[in-house]
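Visitor: For the sequence shown, the working numbering assigns the number 20 to the initial residue and increments by one for each residue that follows.
Beta carbons are placed, not taken as given, at the ideal position from N, Cα and C, and that holds for glycine.
Values in this document were obtained by computation on a predicted structure and should not be read as measured data.
Next up is a structure, given as structure tokens.
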Amino acid sequence: MAYQVKTPWWLSHLVYPRLIWKMPASDEPTVYITFDDGPHPIATRYALDMMEQYHAKATFFCIGKNVVAHPELYSELLAKGHTTGNHTYNHLNGWKSKTKTYLENIHQASSHINSRIFRPPYGKIRRGQASRLLKASWKIYMWDVLSGDFDRNITGQQCAENVLKNIQPGSIIVFHDSEKAWERMSYALPQVLAYCKNKNWMLKALPKY
Ligand SMILES: [Zn+2]
Numbered sequence: 020m021a022y023q024v025k026t027p028w029w030l031s032h033l034v035y036p037r038l039i040w041k042m043p044a045s046d047e048p049t050v051y052i053t054f055d056d057g058p059h060p061i062a063t064r065y066a067l068d069m070m071e072q073y074h075a076k077a078t079f080f081c082i083g084k085n086v087v088a089h090p091e092l093y094s095e096l097l098a099k100g101h102t103t104g105n106h107t108y109n110h111l112n113g114w115k116s117k118t119k120t121y122l123e124n125i126h127q128a129s130s131h132i133n134s135r136i137f138r139p140p141y142g143k144i145r146r147g148q149a150s151r152l153l154k155a156s157w158k159i160y161m162w163d164v165l166s167g168d169f170d171r172n173i174t175g176q177q178c179a180e181n182v183l184k185n186i187q188p189g190s191i192i193v194f195h196d197s198e199k200a201w202e203r204m205s206y207a208l209p210q211v212l213a214y215c216k217n218k219n220w221m222l223k224a225l226p227k228y
């Protein structure tokens with residue numbers, strides 16, 4: 020599977036400079052863990068418990084239909100002080116979707132996810148789609164470090180190393196609270212949390228604007 024663990028400079032600065040790839044440095048070194056594709060009864064529950072254990076907050080980019088299937092988990096994310104974002108209703112690939120269909124799918128998810136922050140599924144969004152969202156005051160969060168937890172060809176340990184080798188204050192890290200990623204995410208997440216704690220880095224949710 021072709022993907023870049025560390026977002027290359029040219030992609031964030033030259034191709035998609037208006038999307039958010041990394042957070043600015045702050046006085047308190049801070050890292051932003053994100054989870055895509057939930058809520059999922061096992062994986063989201065685990066993520067919630069781990070974050071609580073480390074007094075950490077995260078951002079969950081939810082799929083609309085999964086929020087409909089697990090409304091209690093979605094409410095719990097908010098009740099525990101995490102931020103939620105929109106990840107479309109059906110996990111649409113922007114490159115393969117007409118702009119109208121894509122935007123309608125996001126709006127459909129909006130009836131269940133009260134948030135104006137968005138992450139495109141697969142990281143694939145066309146310029147026209149992004150422009151329309153930005154014009155409508157959405158913020159689009161990409162990432163700085165991809166754990167690769169969705170990749171069945173790597174181990175949990177490799178997934179943890181993908182993050183630990185690239186993480187810096189300001190990093191936006193991608194994990195998945197999904198069945199597919201479960202084995203690797205559940206192994207790597209505690210290591211990443213322990214590493215950040217050891218460095219005295221804060222773990223915060225992305226601002227919702
Ligand atoms: Zn996704």
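Under 6 Å, CB to any heavy atom of ligand 1. Which residues pass, going along the chain?
Guide: Going by the Cβ distance cut-off, the answer is ASP55, ASP56, HIS106, HIS110 and PRO140.
Visitor: When DSSP labels each residue in this structure, what does THR78 get in the three-state scheme?
Guide: The answer is strand: DSSP assigns THR78 an E or B state.
Visitor: For SER130, count the other beta carbons within 10 Å of its own beta carbon; 16 or more makes it buried, fewer makes it exposed. Which is it?
Guide: Burial call: exposed.
Visitor: ALA77: which of SER197, SER94 and ILE191 sits nearest, CA to CA?
Guide: Among SER197, SER94 and ILE191, the Cα nearest to that of ALA77 is on ILE191.
Visitor: So within the stretch 62 to 133, which uninterrupted alpha helix (DSSP H) runs reach at least 4 residues, ignoring any that extend past its ends?
Guide: Counting whole runs of 4 or more residues, the stretch 62 to 133 contains the alpha helix (DSSP H) stretches 62 to 72, 83 to 88, 90 to 98 and 118 to 129.
Visitor: For SER134, count neighbouring C-beta atoms within 10 Å of its own C-beta (all shown protein chains included) and say buried if the count is 16 or more, exposed if not.
Guide: Burial call: buried.
Visitor: PRO58: which of MET42, LEU33 and PHE80 sits nearest, CA to CA?
Guide: Here the closest residue by C-alpha is PHE80.
Visitor: If GLY175 and ARG203 are in contact, beta carbons under 8 Å, what's the gap, nearest whole angstrom?
Guide: With 8 Å as the limit, GLY175 and ARG203 qualify as a contact, their Cβ atoms being about 5 Å apart.
Visitor: Distance check for ASN185 and MET28, CA to CA, integer angstroms please.
Guide: One detail in the question is off: residue 28 reads as Trp in this sequence, not Met. The alpha-carbon atoms of TRP28 and ASN185 are separated by roughly 13 Å.
Visitor: When DSSP labels each residue in this structure, what does LYS154 get in the three-state scheme?
Guide: LYS154: helix per DSSP, three-state reduction.
Visitor: With C-beta atoms as the reference, is ALA200 less than 9 Å away from PHE169?
Guide: It is a contact, given that the beta carbons lie within the stated cut-off.
Visitor: Should the stretch 34 to 54 be called in touch with the stretch 154 to 173, which here means at least 3 C-beta pairs below 8 Å?
Guide: Touching, yes, given that three or more Cβ pairs across the two stretches are closer than 8 Å.
Visitor: Which residue marks the beginning of the alpha helix (DSSP H) containing VAL211, and which one marks its end?
Guide: Taken as a continuous stretch (DSSP letters only), the alpha helix (DSSP H) holding VAL211 covers 201 to 217.
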